[in-house]
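**Q** Taken in order, these protein sequences are the chains called A and B.
Counting from 1, one number per residue, gives the positions in the first sequence under our numbering.
Counting from 328, one number per residue, gives the positions in the second sequence under our numbering.
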Amino acid sequence: MRPHRSADLFILLMFGLLALFPFAESTFYTQLLTKIMIMAIFAMSLDLLVGYTGLVSFGHAAYFGLAGYALVLMSPQYESVSLWWSLPAAMSVCALFALITGMLVLRTRGIYFIMVTLAFAQMVFFVFHDTKFGGGSDGIFIYAKPTLVIGGFELLNLEKLNHLFYLVLIFMAAVYFLLRRVLASTFGRALLGIKENEHRMSALGFPTFRYKLASYVLSGALGGLAGYLAAIQYGFVNPEILSWHHSGTVLMMVIMGGMGTLYGPMVGAFAFVLLQELLSDQSLLGQVAKHWQLAMGIFVILVALYLPRGLAGLLSRKAKAEAAADA
Amino acid sequence: MRDAILRTEKLSKRFGGLTAVDTVSIDLYMGEVHAVIGPNGAGKSTLTNLLSGDLPPSSGAVLFEGKDIAGLRSDRISRLGIGRSYQKTNIFLPFTVFENCRLAAQSRTPHAWRVFNGAPGFSDINRLAEEAMATAGLTPRRDMVAAALSHGEQRQLEIAMCLATRPRVLLLDEPLAGMGPQESQDMVELIQRLAADHAIMLIEHDMDAVFAVAHKLTVMVNGEVLESGTPEEVRASPAVQTAYLGGEDLLDD
Numbered sequence: 001m002r003p004h005r006s007a008d009l010f011i012l013l014m015f016g017l018l019a020l021f022p023f024a025e026s027t028f029y030t031q032l033l034t035k036i037m038i039m040a041i042f043a044m045s046l047d048l049l050v051g052y053t054g055l056v057s058f059g060h061a062a063y064f065g066l067a068g069y070a071l072v073l074m075s076p077q078y079e080s081v082s083l084w085w086s087l088p089a090a091m092s093v094c095a096l097f098a099l100i101t102g103m104l105v106l107r108t109r110g111i112y113f114i115m116v117t118l119a120f121a122q123m124v125f126f127v128f129h130d131t132k133f134g135g136g137s138d139g140i141f142i143y144a145k146p147t148l149v150i151g152g153f154e155l156l157n158l159e160k161l162n163h164l165f166y167l168v169l170i171f172m173a174a175v176y177f178l179l180r181r182v183l184a185s186t187f188g189r190a191l192l193g194i195k196e197n198e199h200r201m202s203a204l205g206f207p208t209f210r211y212k213l214a215s216y217v218l219s220g221a222l223g224g225l226a227g228y229l230a231a232i233q234y235g236f237v238n239p240e241i242l243s244w245h246h247s248g249t250v251l252m253m254v255i256m257g258g259m260g261t262l263y264g265p266m267v268g269a270f271a272f273v274l275l276q277e278l279l280s281d282q283s284l285l286g287q288v289a290k291h292w293q294l295a296m297g298i299f300v301i302l303v304a305l306y307l308p309r310g311l312a313g314l315l316s317r318k319a320k321a322e323a324a325a326d327a
Numbered sequence: 328m329r330d331a332i333l334r335t336e337k338l339s340k341r342f343g344g345l346t347a348v349d350t351v352s353i354d355l356y357m358g359e360v361h362a363v364i365g366p367n368g369a370g371k372s373t374l375t376n377l378l379s380g381d382l383p384p385s386s387g388a389v390l391f392e393g394k395d396i397a398g399l400r401s402d403r404i405s406r407l408g409i410g411r412s413y414q415k416t417n418i419f420l421p422f423t424v425f426e427n428c429r430l431a432a433q434s435r436t437p438h439a440w441r442v443f444n445g446a447p448g449f450s451d452i453n454r455l456a457e458e459a460m461a462t463a464g465l466t467p468r469r470d471m472v473a474a475a476l477s478h479g480e481q482r483q484l485e486i487a488m489c490l491a492t493r494p495r496v497l498l499l500d501e502p503l504a505g506m507g508p509q510e511s512q513d514m515v516e517l518i519q520r521l522a523a524d525h526a527i528m529l530i531e532h533d534m535d536a537v538f539a540v541a542h543k544l545t546v547m548v549n550g551e552v553l554e555s556g557t558p559e560e561v562r563a564s565p566a567v568q569t570a571y572l573g574g575e576d577l578l579d580d
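1. Using DSSP's beta-bridge definition, name the partner residues of His361(B).
2. Can you tell me which residues form a DSSP beta bridge with Asp582(B)?
3. Kindly say whether Pro146(A), judged by its beta-carbon, lies nearer than 8 Å to any beta-carbon of chain B.
4. Look at the alpha carbon of Val537(B) and the alpha carbon of Asn427(B), and state the distance between them as a whole number of angstroms.
5. Which residues in chain B have a C-beta closer than 9 Å to the C-beta of Leu191(A)? List them in chain order.
6. Can you tell me the Cα-Cα spacing of Phe165(A) and Asn157(A), whole angstroms?
7. By the three-class DSSP mapping on this structure, what secondary structure does Ala121(A) have?
8. Say whether the stretch 8–20 of chain A touches the stretch 136–155 of chain A, bearing in mind that this needs 3 or more beta-carbon pairs closer than 8 Å, one atom from each stretch.
9. Using the beta-carbon count (16 or more within 10 Å), is Glu159(A) buried or exposed?
10. Determine contact between the stretch 244–261 of chain A and the stretch 171–181 of chain A, defined as no fewer than three beta-carbon pairs at a distance below 8 Å.
11. Report the partner residues of Leu355(B) according to the DSSP bridge assignment.
12. Between the alpha carbons of Arg441(B) and Ala184(A), how many angstroms are there, rounded?
13. By the 10 Å Cβ neighbour count, where 16 or more other Cβ atoms means buried, how is Met123(A) classified, buried or exposed?
14. From the beta carbon of Ser405(B), is the nearest beta carbon of chain A less than 8 Å away?
15. Rounded to a whole number of angstroms, what is the C-alpha to C-alpha distance between Val348(B) and Tyr69(A)?
16. For Asn197(A), tell me which candidate among Tyr234(A), Ala24(A), Leu179(A) and Tyr52(A) has the shortest Cα-Cα distance.
17. Given Asp579(B), which residues of its chain have a CB within under 6 Å of its CB, disregarding the five upstream and five downstream residues?
18. Going along the chain, which residues of its own chain have a beta-carbon closer than 8 Å to the beta-carbon of Leu169(A), five neighbours each way excluded?
19. Quick one: any contact between the stretch 220–229 of chain A and the stretch 417–425 of chain B, if contact means 3 or more CB pairs under 8 Å?
20. Leu377(B) touches chain A at which residues, Cβ-Cβ below 7 Å?
21. For a cutoff of 8 Å on Cβ pairs, would you count Asp579(B) as touching chain A?
22. Specify, as a first and last residue, the run of the beta strand (DSSP E) that Leu553(B) falls within.
23. Compare the Cα-Cα distances from Leu49(A) to each of Ala89(A), Ala98(A), Leu285(A) and Leu302(A) and report the closest residue.
24. Looking at the structure shown, is Phe15(A) part of a helix, part of a strand, or coil, going by DSSP?
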């Protein structure tokens, strides 16, 4: 169960390459990569639940959306809000929501857990969809992006694409290494034990409910980080980001990429979004591009059939071998 | 007379119309192996589940050091110092032997909630795990994945994990099930060694093993206690003789 060394090198290399990307000065691709990295953060936060705690949540979009709406509602109209307090505040909203709903959903198991997480996410969706304070079904704009200022010095100007790109990249790396650290701890080992055999963990004296709740809250807060960053990038939020499609998309990224690996879901986010871009490119595929979801579906089925460990399993067989030797 | 560390008073468990455990009173003492025997369906495993908190009792009391613990959740009961092994091997198959034991030991330490310190860095946890492995005779298998162990070794691991939680009471549910002669012999010796500083409740069908290690015997039939006493008393009991068709099965099994 030790961290995979070759995977680590690979990840560092990728982070390094990504850091060079803005020098290519491609607005389109800088935006696309920013979007992908945000989804990678989102997918990693879900992997903590699905891949490491054995909890398949089908309502993760709730956190993404809640944090986005939190940012918008905290921002005064036409004025910027400071990232220093709005980000922790948005993540706290998510953590609180996870804490309260977690007390209920974590009493259910298996298929019921999936249903109840979905139900809570749908409740949040309809709260924002059917009431006016979040702009209803049209959503709501953020006119000024949050500021990052230390002692009068502007660290990053998030109106600039490259600055946002680097902020997201830094957060993605931070989330990866934070989760790696947490999962290597005694707490993380307990989560793995719970995923493997919760009954036995109880018999050994672990209060498993509290462990699961802690994992659920951390996952929700990190999911909120992704939603907060997305709200900055798009400059508006609408109920779509709370929809069950969005929960399904991130779940597919985790499973397709390889759950329980952290880097897998990152790979999944890249593969999913890039493939979506490719398959829906009309200049490339003409009329077929309209039916990109069909092709995407086939791809997902192929991965599920032939790569049970996801794309991560394909990328680093070596890491798997190391993991088996270390475990 | 010494106080029992764990005792039940008229403990019962009903599943709908079926009374699986019927007003059972049993005492466990430190330094003693108390074997519970009886035919399949007698309620032995259900009794274990009531003591370990896997099932809540319908009525009656479970007293641990004089305090009623009936109905507490299994993790609380485990932390009080009552460990159990399972009839059906219940281990973490993808983890190594050491990691299984380390995880068990971890449940006893205040470090369990440390989020940033790498798990392998806690020497006290590692020491507990190593000790438990050594006691159960698994040190040579330390780095093997549990799934790759033989059936007998998995049974040993089951006990080692239990020991790593430093229990004072051990509830062993058929530790010899499916073991070969040599493995059985080793397990019997292990139970004898553990008896010195634990109170052990042993559920077992292997009568040779039971009579080799038990200080006390309780015979259960249909959820009720048929007879309880020293092995000699139980062997001589007319009720037991009748239940076991002249004692043949009981002694020779």
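Where a beta carbon is used, it is the ideal one built from N, C-alpha and C, also for glycine.
Treat the numbers as computed from the prediction; the structure is a model and nothing was measured.
**A** So, to answer that:
1. Met528(B) and Lys543(B)
2. Nothing can be reported for residue 582(B), as the shown portion of chain B is limited to 328 through 580.
3. no
4. 28 Å
5. By Cβ distance, chain B contributes nothing, its closest Cβ being about 11 Å from Leu191(A), past 9 Å.
6. 11 Å
7. helix
8. no
9. exposed
10. no
11. Checking the DSSP bridge columns, you'll see Leu355(B) partnered with Leu333(B).
12. Cα to Cα, Arg441(B) sits roughly 10 Å from Ala184(A).
13. With fewer than 16 Cβ atoms within 10 Å of its Cβ, Met123(A) is classed as exposed.
14. yes
15. Answer to the nearest angstrom: the Cα atoms are 56 Å apart.
16. Tyr52(A)
17. Summary for Asp579(B): the model assigns pLDDT 46, below 50, so the residue's position carries little reliability; its value from the coordinates is reported in the next sentence. None.
18. Phe15, Leu18, Ala19 and Met37
19. no
20. Under the 7 Å cutoff, chain A gives no residues; its nearest Cβ is about 14 Å from Leu377(B).
21. Since pLDDT at Asp579(B) reaches only 46, below the 50 mark, its modelled position is unreliable, and the value read off the structure follows with that caveat. No, Asp579(B) lies away from the interface with chain A (no Cβ there is under 8 Å from its Cβ).
22. Glu551 to Gly556
23. Ala98(A)
24. helix
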